[in-house]
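Sequence order for the protein chains is C and B.
Okay, so the first sequence: first residue is 162 according to our numbering, each after it adds one.
Okay, so the second sequence: first residue is 567 according to our numbering, each after it adds one.
Worksheet for the structure shown next.
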Amino acid sequence: NVEPRSVPVFPWHSLVPFLEPSQSG
Amino acid sequence: SPSSPVVLPPFFMRGSIIQLADGELKRVEDLKTEDFIQSAEISSELKIDSSTVERIDSGQSPNAVLIQFSVGELKAQVCVEVLVEYPFFVFGQGWSSCCPDRTTQLFELSCAKLCVGDVCVSLTLRGLR
């Protein structure tokens, strides 16, 4: 019997950066 | 000052499961530009921006680069410091980084070379002027 293994699922918006104008400078 | 280099998150590892806004599950290596665009359309809080790479310089930290983006219609200038292997999603091209070989080596994620002029997918909160 195979132990059930939880696979992480990541939300789509975590893969692309938030580029807010306040980050510059 | 630019944000500190990002420690590489696990979800860029080939085979990672990504959930789109409509609930569909996809592997990170199978994502397409339309997936991000459709997910942002469904999302009530997030908006997709086109962020053009304007400059790439060596970063202050070892193994890092400083990337200057021109973000959205207002072309706001945003500068971020990331590790050379950090992948960005380029419209119509897919995952791209400043050191694609290293990205592939670390994540087994096939990756193109990120260049000045590339237009990357980025997010902002809806309603932010």
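Note that the Cβ used here is the ideal one computed from N, Cα and C, for glycine as well.
Q. On the three-state DSSP scale, how would you describe B/L649?
A. Of the three classes helix, strand and coil, the one that applies to B/L649 here is strand, per DSSP.
Q) Taking Cβ positions only, does C/Q184 come closer than 9 Å to chain B? A) With a pLDDT of only 48 at C/Q184, under 50, the local geometry of the prediction cannot be trusted, and the value read off the model is given with reservation. Yes, its Cβ sits closer than 9 Å to a Cβ of chain B.
Q | Neighbouring residues, chain C, relative to B/D601 (Cβ below 9 Å) | A | Residues of chain C whose Cβ lies closer than 9 Å to the Cβ of B/D601 are, in chain order, W173.
Q.
Just checking: is the beta-carbon of B/C665 within a distance shorter than 9 Å of some beta-carbon in chain A?
A. Checking the listed chains, one finds no chain A in this structure; the protein chains it contains are C and B.
Q: Might you give, ordered along the chain, the residues of its own chain that have their beta carbon closer than 7 Å to the beta carbon of B/G658, omitting 5 neighbours on each side?
A: Cβ neighbours of B/G658 beyond the five flanking positions: T599.
Q.
How far does the beta strand (DSSP E) with B/S662 in it extend, from its first residue to its last?
A. For B/S662, the enclosing beta strand (DSSP E) stretches over residues 660-663.
Q: Check whether the Cβ of B/P575 lies closer than 9 Å to any Cβ atom in chain C.
A: For B/P575, the answer is yes, since a Cβ of chain C falls inside 9 Å of its Cβ.
Q. Taking three-plus beta-carbon pairs below 8 Å as touching, is the stretch 670-685 of chain B in contact with the stretch 611-625 of chain B?
A. Output reads yes: the stretch 611-625 of chain B touches the stretch 670-685 of chain B.
Q: In angstroms with no decimal places, state the Cα-to-Cα distance between B/C686 and B/R692.
A: Using only the alpha carbons, I get a separation of about 18 Å.
Q | Alpha carbon of B/I583 to alpha carbon of B/S663, nearest angstrom | A | Rounded to whole angstroms, B/I583 to B/S663 spans 20 Å at the Cα level.
Q.
Whole angstroms are fine: how far does the CA of B/S616 sit from the CA of B/L689?
A. Their backbone Cα atoms lie some 9 Å apart in a straight line.
Q: Using a Cβ-Cβ cut-off of 9 Å, state whether C/P165 counts as contacting chain B.
A: No - not a single Cβ of chain B is within 9 Å of the one on C/P165.
Q: Could you name each continuous alpha helix (DSSP H) segment of 4 residues or more that falls completely within the stretch 584-669 of chain B, going from the start of the chain to the end?
A: Assignment of alpha helix (DSSP H) within the stretch 584-669 of chain B, counting only whole runs of 4 or more residues, yields 599-608 in chain order.
Q: Measure the beta-carbon distance from B/T669 to B/E651 and round it to whole angstroms, keeping in mind my assumption that it falls under 8 Å.
A: The Cβ separation is near 4 Å, so the contact holds.
Q: For my contact list, B/A630 and B/L649 are in at a C-beta cut-off of 8 Å; report their separation, rounded to the angstrom.
A: About 6 Å separates the beta carbon of B/A630 from that of B/L649, a gap short enough to meet the 8 Å contact definition.
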